[in-house]
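Offset between the sequence shown (1-based) and the numbering used here: plus 4.
Glycine included, C-beta positions come from ideal geometry on N, C-alpha and C.
All remarks here apply to the structure that follows.
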Amino acid sequence: MSESLEFNQYFPRKSFEISYALVRIASAVKSQSLRDHLEYHAFALLDKASSGKFSELYHHTAPLGYFLKLAAEGGLINPANAIAVSREIDQLNAAIGEFEKADTLPVFDLSGNFLILALPNRHQWPKSRRSIIFRRASRKKQRAPRS
């Protein structure tokens, strides 16, 4: 199985798992603001993963760990839930990092593969080639529009 196929399967699955957990946690949160924020990131995470925008996932996963920690320490959500989801987010972030490394194409030093040749002087061209080029040039001059 190719690496890109694994990424294509991993990101949507992991994003769904995290999104599902966030929606479940949000349903028990009394703070409307926190609930809206968790749900927003849950749906955005799922949207980016299902549409193949894997490099944009980090914009949603990066703040989630901090929000969960803040909510747990503030007594708004169960700390065990915050730890479990944060662990999954960390795994997803690690996979995003690997994906971004795999997406970078290598640069090769190809300078030794090409010869440096000077362009030949027109007087060095074979006579048959020179006559063709000069005939074409003179025809173009003769066809110039008359005023």
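Inclusion of G69 and I93 in the CB contact set at 8 Å is warranted, their separation being smaller than that value. Annotated three-state conformation of V33 is coil, per DSSP. Rounded to whole angstroms, the separation of the alpha carbons of N85 and I100 is 23 Å. Residue range 62–77 is occupied by the alpha helix (DSSP H) that includes G69. In summary, H64 is buried, with 16 or more beta-carbon neighbours lying within 10 Å of its beta-carbon over all protein chains present. Less than 8 Å divides the Cβ of E43 from the Cβ of A30.
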